[in-house]
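Residue numbers (the numbering used here): 294 to 730.
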């Protein structure tokens, strides 16, 4: 997450202040039994709803443009050929592993359990109306073969108008592949246009996120007034499970990938990526860490420059393993918190959207918020619950950014295996050959 201009209070501190203010006010109401004037409570709920509606308004064009451009960049046939496809395949595979670990941890430890079911149902009833007003359609079950059929929209415009996020993301994925296959001057211009759409959405998301401190205060007040101290206990359990899942992916999955598929000693890899590791954790920004990561890949890991620069540049915006894992953990935690049991089919939906969302939430401060909010209403969980996790989001943002950056370096190591920089440019003359004796 980025901060405001130098000399001003960073945005994440304002968010933390809003979290503390809302939590404190809500706990006071809960513990003292104070009755809040209904009109005031309605205004407080409306503030949170406005924030959520702004996120939903921007999420589909953001995801479509980011996913289509991300796939088009990863599959640049003319410049890197098979390297682009290897990068795309690796990104999807490792994101699936990350989300699988996250979902497994939440199902085993169940950090959202323990709240009063009656209170959960009370807030669930409050949030259901607001959520349904924002997103109307949500797949609730999976029948044999029907799920995969529903992933392919018969009319993408209708799917978008009904906020069916998964079919739209699948269309964006296919659209990006189509731009690669039909590579031409016109498709290059189309890609630039989509890049422009993405940048506009990023700017607007940044503006909306500036409203987050006020929205967090409103959302947290409503939650704390209902749940009291149970809120803090569940929040601590959620943070521990999220960090634990990230640690498993970082210290078990990544070393195995580097060793088995990258052909490199994991200890050598760890020594080579220390600097980008620290910078990613301290800045919580993949883009800010990119120059440090490129330097480490070329000087410490000795990876081919043309491969590492391509993979790391694309990965900084599209290979978001930590973000995908975080989204999956958060959705299941909030479902448990509100007493909603998600079936295996619904969890599969969450997993697929998180994998695609890891490509589609590129480089945006708190950019996972729209994806999380939309997944929540897809599976019938009040999007208002998102205010609960924003209080600890700064620390988790640092952790998942570190996971993202390290994953980019792992991808560069794996994709670089068997590749070299020995490519003779077309416009460079061949070396002179000595005449025969």
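Even glycine gets a Cβ: it sits at the ideal position worked out from N, Cα and C.
All figures in this text were calculated on a predicted structure; none of them were measured in a lab.
- Assigned with DSSP and collapsed to three states, residue 568 falls in helix.
- The stretch 475–484 makes no contact with the stretch 636–647: fewer than 3 CB pairs, one atom from each, lie closer than 8 Å.
- Annotation for residue 307: the continuous alpha helix (DSSP H) segment containing it runs 304–325.
- Scanning its chain for C-beta atoms nearer than 8 Å, with the 5 sequence neighbours on each side dropped, one finds around residue 634 the residues 628, in chain order.
- No residue range can be given for residue 597, since it is assigned to no alpha helix (DSSP H) and is classified by DSSP as neither H nor E.
- Judged by DSSP secondary structure, residue 406 falls outside any alpha helix (DSSP H); it is assigned neither H nor E.
- About 6 Å separates the beta carbon of residue 619 from that of residue 535, a gap short enough to meet the 8 Å contact definition.
- With a threshold of 16 other beta carbon atoms within 10 Å, residue 500 falls short and is exposed.
- Rounded to whole angstroms, the gap between the alpha carbons of residue 496 and residue 326 is 42 Å.
- Distance between residue 393 and residue 599, taken at the CA atoms: about 32 Å.
- Take the alpha-carbon of residue 341 and the one of residue 622: they are about 22 Å apart.
- DSSP places residue 638 within a helical segment (H, G or I) once states are collapsed to three.
- Within the same chain, Cβ atoms closer than 8 Å to the Cβ of residue 321 are found at 327, the five residues on either side in sequence being excluded.
- CA-to-CA, the gap between residue 515 and residue 316 works out to about 9 Å.
- Here residue 705 is near residue 605, since their CB atoms are less than 7 Å apart.
- Segment contact: the stretch 658–676 against the stretch 344–359, three or more CB-CB distances shorter than 8 Å; contact assigned.
- An exposed status is given to residue 595, since fewer than 16 other beta-carbon atoms sit within 10 Å of its beta-carbon.
- Within its own chain, the residues whose Cβ lies closer than 6 Å to the Cβ of residue 554, once the five positions on either side in sequence are excluded, are 707, listed in chain order.
- Of the residues assessed, residue 690 falls on the buried side of the cut-off, its CB having 16 or more other CB atoms within 10 angstroms.
- Taking the Cα of residue 309 as reference, the smallest distance to any Cα among 701, 684, 709 is reached at 684.
- Under the DSSP assignment, residue 710 falls outside any alpha helix (DSSP H); it carries neither an H nor an E label.
- Residue 581 is not a Cβ neighbour of residue 388, given a cutoff of 7 Å.
- Annotated as proximal: residue 362 and residue 491, with beta-carbon spacing under 7 Å.
- Secondary structure of residue 697 (DSSP, three-state): helix.
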